[in-house]
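Here the UniProt record's numbering is used: the first residue of the first sequence is 1, the next is one more, and so on. The beta-carbon is built from N, C-alpha and C at its ideal position, and this holds for glycine as well. All of these numbers come straight from a predicted model, not from anything done at the bench. Okay, structure first, notes after.
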Amino acid sequence: MPELPEVETTKRGIEPNIVNKTIQHLVIRQPKLRWPIPDAVNALVGQKVEGVSRRGKYIGVHTKAGTLIIHLGMSGSLYFVDVGTPPLFHDHVDIELLGSPIVMRYTDPRRFGAMLWQEGDWLEHELLKSLGPEPLTDEFNAKYLYERAKGRKQAIKMFIMDSKVVVGVGNIYANEALFKAGIHPKRAAGNISLARFEKFVSSIKMVLSAAIEQGGTTLKDFVGGDGKPGYFKQELAVYGRAGKPCIECSILLKEIRLGQRSTVYCNNCQA
DNA sequence: AGGTTCGCCTGCGGGC
DNA sequence: TGCCCGCAGGCGAACC
1 MPELPEVETT KRGIEPNIVN KTIQHLVIRQ PKLRWPIPDA VNALVGQKVE
51 GVSRRGKYIG VHTKAGTLII HLGMSGSLYF VDVGTPPLFH DHVDIELLGS
101 PIVMRYTDPR RFGAMLWQEG DWLEHELLKS LGPEPLTDEF NAKYLYERAK
151 GRKQAIKMFI MDSKVVVGVG NIYANEALFK AGIHPKRAAG NISLARFEKF
201 VSSIKMVLSA AIEQGGTTLK DFVGGDGKPG YFKQELAVYG RAGKPCIECS
251 ILLKEIRLGQ RSTVYCNNCQ A
């Protein structure tokens with residue numbers, strides 16, 4: 001499932017292949033994604049791509065007419081194929097570029113992803129306008145989290161995965177960052193000291209930026225590949241390791257469900 | 001308003 | 001081998 005590093009890698013991968021290119025044709029084979037793809041996206045045809053950006057796990061493809069907003073959901077990916085390559089069953093959208101021998105293709109088996117349209121400032125889109133800060137900016141810091149968490153009884157893991165608090169911290173990295181910071185996933189968000197938030201914030205920034213850095217090394221295979229950066233080689237200390245020994249203290253890692261999501265932690269190292 | 005649960009989907013792994 | 005079942009998972013919607 002694409003987490004923020006995968007989305008950033010995808011953004012960097014498609015950018016050089018579509019910026020300054022004119023969209024010649026749009027083929028929508030399956031409009032039923034998480035929401036139906038709006039007819040308005042057809043405004044893309046004839047438009048030149050002026051830039052690509054990312055906000056949280058949303059990718060924006062900007063033109064003068066408006067922005068195509070893409071979310072990869074859990075199983076979506078963008079990749080490039082030669083013009084004329086027959087689509088596979090889950091290849092829902094093709095974006096053909098004028099004078100380009102390759103086509104940008106959106107594939108998404110589970111269709112949890114989305115393709116939306118926004119005119120003007122794309123950040124004003126309903127789904128984007130109340131998102132929290134980007135995790136790798138200075139705006140996301142311990143003081144911000146501490147203030148935001150005041151009085152909240154919600155488990156810290158759920159709190160940090162709330163996109164209104166901060167974007168881009170998905171299940172895998174929430175588990176990893178909590179372990180790195182030594183914070184128990186069920187601890188009430190409002191019951192964490194500023195000092196512990198300092199450690200938590202730097203853990204989050206560390207795991208995310210390390211993953212993005214590694215994602216960059218897969219970019220050379222982006223065109224012609226399946227577009228999936230895949231799981232980064234970054235060693236995961238807890239996620240997917242329930243029942244295995246903690247890498248720090250060797251006691252067996254526990255697994256619980258928190259907000260219906262798999263949560264793995266060390267009962268000894270995290271309090 | 002804070003907090004929890006639901007549901008969209010398909011692939012995959014376990015059980016038989 | 002093949003079938004069935006249950007589950008995973010981002011995240012907005014709906015509910016409490």
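| Item | Value |
| --- | --- |
| Ile160 vs Val169 beta-carbon contact at 8 Å | yes |
| Spatial distance of Val81 from Asn191 (CA atoms) | 51 Å |
| Endpoints, the alpha helix (DSSP H) within which Lys57 is located | Lys57 -> no alpha helix (DSSP H), and no H or E assigned at all. |
| Proximity of Phe179 and Cys249 at Cβ, strictly below 8 Å | no |
| Between the CA atoms of Gly99 and Gly76 - distance to the nearest angstrom | 26 Å |
| Helix, strand or coil at Pro5 [DSSP, three-state] | helix |
| 8 Å Cβ shell around Trp35 - same chain, five flanking residues per side excluded | Ala114 and Leu116 |
| Simplified DSSP assignment, three categories, for Ala43 | helix |
| Integer-rounded CB distance, given that Phe197 should sit under 8 Å from Ala177 | Contact flag wrong, Cβ pair sits at about 12 Å. |
| Spatially closest choice to Asp94 from Ile18, Arg261, Ser53 and Ser262, by CA coordinates | Ile18 |
| Segment contact flag, the stretch 14–29 with the stretch 43–50, C-beta cutoff 8 Å, min 3 pairs | yes |
| Sequence-distant residues of the same chain with beta carbon closer than 7 Å to Ala149, five excluded per side | Phe159, Ala189, Gly190 and Ile192 |
| Burial state of Arg105 (16 or more Cβ within 10 Å) | buried |
| Ser193 in three-state terms, based on DSSP | coil |
| Among Leu97, Val7, Val83 and Phe89, the one whose alpha carbon lies nearest that of Gly56 | Val7 |
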